[in-house]
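S.K.:
There are 2 protein chains.
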Amino acid sequence: MAAESPGIAFLLSQLGAQAATQFGARVEELGLTPPLVGVLRMISAQPGLSQQQLAGELGLLPSKVVAFVDDLEHRGLVTRTRGTRDRRVQHLTLTAGGTELLDEVIEVGARHEDAFCQALAPDERAQLKALLEHLARSHELAPGVHPGYRWIR
Amino acid sequence: MAAESPGIAFLLSQLGAQAATQFGARVEELGLTPPLVGVLRMISAQPGLSQQQLAGELGLLPSKVVAFVDDLEHRGLVTRTRGTRDRRVQHLTLTAGGTELLDEVIEVGARHEDAFCQALAPDERAQLKALLEHLARSHELAPGVHPGYRWIR
DNA sequence: TATTGTTATACTCTATAACTATA
DNA sequence: TATAGTTATAGAGTATAACAATA
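In order, the protein sequences belong to chains A and B.
Under the UniProt record's numbering, residues 1 to 153 are what the first sequence spells out, in order.
Under the UniProt record's numbering, residues 1 to 153 are what the second sequence spells out, in order.
1) Grab the span of the beta strand (DSSP E) containing L11 (chain A) for me, first residue to last.
2) Can the beta-carbon of L92 (chain B) be found closer than 8 Å to that of L49 (chain B)?
3) In the structure shown, what three-state DSSP assignment does H146 (chain B) receive?
4) From L60 (chain A) to E73 (chain B), what does the alpha carbon distance come to, in whole angstroms?
5) For a contact meaning CB atoms closer than 9 Å, what does Q127 (chain B) contact in chain A?
6) In chain order, what residues of the same chain have a beta carbon less than 8 Å from the beta carbon of G76 (chain B), not counting five sequence neighbours either side?
7) Short of 7 Å in beta carbon distance, which residues of its chain neighbour R150 (chain A), apart from the five on each side in sequence? Order them along the chain.
8) Would you list the residues sitting across from H91 (chain A) in a DSSP beta bridge?
9) Distance check for T33 (chain A) and P143 (chain A), CA to CA, integer angstroms please.
10) At least one CB of chain A closer than 8 Å to the CB of S138 (chain B): is that the case?
11) Need the endpoints of the alpha helix (DSSP H) that A126 (chain B) sits in, please.
12) Does W151 (chain A) get closer than 8 Å to chain B when you measure Cβ to Cβ?
13) Can you pull the chain A residues whose beta carbon is under 9 Å from the beta carbon of A96 (chain B), in chain order?
14) When you compare the CB of P35 (chain B) with every CB in chain A, is at least one pair closer than 8 Å?
15) Tell me, please, whether the segment 5-20 of chain A touches the segment 13-20 of chain B by the rule of three or more beta-carbon pairs shorter than 8 Å.
16) Go through its chain and collect everything with a Cβ distance to P62 (chain A)'s Cβ below 6 Å, but skip five positions before and after it.
17) How many Å lie between D114 (chain B) and Q127 (chain B) at the Cα?
18) Would you say Q46 (chain A) faces chain B, with C-beta separation under 8 Å as the test?
19) On a Cα-Cα basis, can you pick out the residue from B:T84, B:Q51, B:T81 and B:E57 that is closest to F68 (chain B)?
20) Could you give the residue range of the alpha helix (DSSP H) that holds S63 (chain A)?
21) Measuring CA to CA, which of A:P35, A:R88, A:E28 and A:L135 is closest to G148 (chain A)?
22) If the cut is a Cβ gap below 7 Å, which residues of chain A does E113 (chain B) touch?
23) For the putative contact between L120 (chain A) and H139 (chain B), defined by C-beta atoms under 8 Å, what is the C-beta separation to the nearest angstrom?
24) Can you check whether the C-beta of L40 (chain B) is within less than 8 Å of a C-beta belonging to chain A?
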């Protein structure tokens with residue numbers, strides 16, 4: 001019955017959705033989606049990782065990884081290389097174009113960050129970031145890995 | 001090329017998804033989903049509103065509202081009443097059971113809030129909440145209305 | 001003719017499970 | 001027999017547009 005004002009959890013959910021949507025709109029202009037950005041980031045951080053590893057670390061279904069990598073490969077952003085010891089695995093690496101595009105994504109991300117936080121003064125941003133990092137650590141959220149909105153097991 | 005650490009926007013997106021997922025798991029035990037909770041909340045805040053109004057305020061498709069209200073009506077949580085002046089509109093109100101269930105949802109929400117922020121001291125929570133409210137206002141997010149994750153036009 | 005709510009349909013998206021090739 | 005990747009398929013979910021009743 002109490003007309004409750006939204007708490008921290010709801011505000012996070014609201015603002016998080018807003019941030020994700022706006023970021024999605026920005027990377028769309030680069031022909032990407034947020035999940036594809038996550039894939040590029042992960043391959044950049046761990047060049048040569050297999051599709052299984054990628055699926056495991058990002059929480060994606062293997063069949064979905066195939067579709068993503070197909071897409072990125074056809075666009076010349078990623079290469080698949082058969083393993084020499086185990087010829088079943090596909091090792092993933094970024095092409096020069098992929099690295100270039102990821103750099104653009106990072107720039108876009110920086111602009112997004114700045115625009116989204118525009119209302120906050122520098123010291124407020126630092127405060128907020130510290131609090132959010134604290135909270136994220138307490139929930140054991142891997143830095144840079146998005147929990148996604150449906151593929152939680 | 002820079003190995004950037006996640007910024008505020010990404011942390012918000014990460015934590016927001018986590019908060020939403022955990023809240024969804026809690027209300028699932030009450031037989032509800034987050035969107036259904038939003039519908040119940042809105043009807044409680046504006047008893048007698050029409051389905052069109054509900055769709056407009058929550059950003060839902062009219063056909064989706066029909067499905068939601070069908071569901072809630074069949075469970076005896078909401079009633080439809082034809083308008084007397086304009087017999088096309090359906091006025092929505094909560095039943096006693098609906099109000100009761102919403103009260104439970106609010107309790108669940110309070111427990112969720114507390115659990116989610118467990119790592120933060122009371123003064124940190126107050127700080128964080130103030131910063132988030134500031135940010136939410138700057139993005140013109142209506143208090144209590146979730147922007148959702150797909151139905152942005 | 002326009003609007004409210006409803007229904008039907010076409011479309012996309014996701015998950016599951018078969019399938020192949022290697023091991 | 002088990003595993004990495006791939007393909008195919010069935011199911012769920014979504015948006016679009018047709019529809020009936022009322023204005």
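Ideal Cβ positions, reconstructed from N, Cα and C, are used throughout, including at glycine.
M.R.: This is what the structure gives:
1) Where L11 (chain A) is concerned, there is no enclosing beta strand (DSSP E), although the alpha helix (DSSP H) it sits in stretches over I8 to E28.
2) yes
3) coil
4) 37 Å
5) Q127, L128 and L131
6) The beta carbon of G76 (chain B) sits closer than 8 Å to those of T95, G97 and G98, all from its chain and outside the five residues before and after it, given in chain order.
7) Reliability fails at R150 (chain A), whose pLDDT of 41 lies under 50, so the model's placement of it is uncertain and the value that follows must be treated cautiously. So the list is empty, once near-sequence residues are dropped.
8) A:S50 and A:T81
9) Whole-angstrom Cα-Cα distance: 19 Å.
10) At a cut-off of 8 Å, the C-beta of S138 (chain B) has a neighbouring C-beta in chain A.
11) Boundaries of the alpha helix (DSSP H) around A126 (chain B): P122 to S138.
12) Residue placement at W151 (chain A) is poorly supported in this model, since its pLDDT is 46, which falls under 50; the coordinates are not used for a value here.
13) Correct list: empty, because the minimum Cβ distance to chain A is about 12 Å.
14) no
15) yes
16) Here P62 (chain A) has A55 as same chain residues with Cβ atoms under 6 Å from its own Cβ, once five neighbours each way along the sequence are excluded.
17) 15 Å
18) no
19) B:Q51
20) P62 to H74
21) A:P35
22) G7, I8 and A9
23) L120 (chain A) to H139 (chain B), Cβ: 12 Å. No contact.
24) no
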